[in-house]
Amino acid sequence: MADECRHAAGIKDVTPSALGCEECLKSGSWWVHLRLCRTCGHVGCCDDSPNRHATKHFHATSHPVIEGYDPPEGWGWCYVDEIFLDLGDRTTPQNGPIPRFY
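As structure tokens, then:
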């Protein structure tokens, strides 16, 4: 699938910004699943979460690819090309235990 996405070549190895959704941790909100920006390492919550911080991060930055991150799930999503990517052995390890809020 990666060759159908023009942004797959730009996927970076990143350091996660937080042990949960960065904005939800600051505001005291909760999330369902986490997404990791594979451009800068921002950790945001998924679109099933009340605040949808990962998608908001994409709209603010235009960083195209996120990774399913709690635990690392082996897939990515390109917001621009609207396609799933198989990250194979390029998943990002977690820095520590991820808090659960659901």
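Everything in the sequence shown is counted per this note's numbering, starting at 108 for the first residue and increasing by one.
Note that the Cβ used here is the ideal one computed from N, Cα and C, for glycine as well.
Separation of Ile-190 from Gln-201, as counted between CA atoms: Near 24 Å, if we compare the C-alpha coordinates of Ile-190 and Gln-201.
Given Ala-167 as reference, the closest of His-114, Ser-134 and Cys-144 once Cα atoms are compared: Nearest C-alpha to Ala-167: Cys-144.
Closest by C-alpha distance to Ser-169, when choosing among Thr-146, Pro-179 and Leu-141: Per the Cα distances, Thr-146.
Rounded C-alpha distance that separates Phe-165 from Cys-128: Rounded to the nearest angstrom, the gap between the Cα atoms of Phe-165 and Cys-128 is 14 Å.
Own chain, CB closer than 6 Å to Glu-130, minus 5 neighbours either side, in chain order: Shown here for Glu-130: same chain residues with a beta carbon closer than 6 Å to its own, the five before and five after excluded, namely His-160 in chain order.
Within the segment 137 to 178, ranges of the beta strand (DSSP E) (whole runs, at least 3 residues): Given a length threshold of 3 residues, each whole run of the beta strand (DSSP E) inside the segment 137 to 178 is given here in chain order: 141 to 144, 150 to 152 and 172 to 176.
Candidates Arg-197, Trp-184, Asp-196 and Asp-177: closest to Arg-113 by CA position: That would be Trp-184, whose Cα lies nearest to the Cα of Arg-113.
Start-to-end residues for the beta strand (DSSP E) that takes in Leu-192: Element bounds for Leu-192: 190 to 193.
Test item: CB-CB of Gly-195 and His-140 under 9 Å: Result no, Cβ atoms of Gly-195 and His-140 do not sit closer than 9 Å.
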